[in-house]
Structure formats: C-alpha cells, structure tokens
Amino acid sequence: MDITEQFGKKVRHFRKLRNLSQDQLAELSELHRTYIGSVERGERNITLLNASKIAKALSVSLAELVTDDD
Numbered sequence: 023m024d025i026t027e028q029f030g031k032k033v034r035h036f037r038k039l040r041n042l043s044q045d046q047l048a049e050l051s052e053l054h055r056t057y058i059g060s061v062e063r064g065e066r067n068i069t070l071l072n073a074s075k076i077a078k079a080l081s082v083s084l085a086e087l088v089t090d091d092d
C-alpha cells in the first residue's frame with residue numbers, strides 16, 4: 023500500500039469514527055465531495071494544504087493521518 027492509499031484509509035477511518043458523511047467532511051474542509059472520495063480511495067496525490075484542511079475538519083493532527091501504523 024502506498025502513502026496515498028494509507029492516507030486515504032486513515033481519512034476514511036477518522037471520518038467514520040466521527041460519524042461524518044463525505045458530504046459533511048467536504049463541507050467542513052471546504053473541498054468537493056468527489057475530491058474527498060478520491061482521496062479516500064488513494065487516487066489523489068494530495069497537497070499539504072488540502073491534507074491540513076482535512077485534518078483540521080476531522081480534529082486530528084496531520085501526523086495522525088500520515089503516520090504508518092504497521
């Protein structure tokens with residue numbers, strides 16, 4: 023699994039943990055819902071700015087989204 027897939031998996035995990043839909047996360051992070059979906063699937067090479075927006079919307083640190091748990 024590459025870093026974009028790992029990041030997407032973490033985003034999905036924290037989003038579901040907080041009972042948020044992709045639409046809600048998109049609104050909170052000021053990004054488009056389809057963008058959130060592609061991030062979660064590991065299809066986007068996300069910028070630091072957008073990664074930071076998602077982390078803030080999920081109330082987690084950016085490190086929590088990029089740290090490998092393995």
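So the number in the working numbering is just where the residue sits in the sequence shown, counting from 1, plus 22. We put the beta carbon where it would ideally sit given N, CA and C, even for glycine.
- If you draw a straight line from the C-alpha of T89 to the C-alpha of G30, how long is it? 12 Å
- Any 3 or more C-beta pairs closer than 8 Å across the region 75-91 and the region 47-54: Judged by Cβ distances under 8 Å, the region 75-91 makes contact with the region 47-54, as three or more pairs qualify.
- Cut-off 7 Å between Cβ atoms - residues of its own chain near R63, not counting five sequence neighbours on either side: G30
- L71 versus R34, L84, H35 and E65, residue with shortest Cα-Cα distance: L84
- With 16 other Cβ atoms within 10 Å as the buried cut-off, status of L39: exposed
- What number of angstroms, rounded off, separates the C-alpha of R34 from the C-alpha of A73? 13 Å
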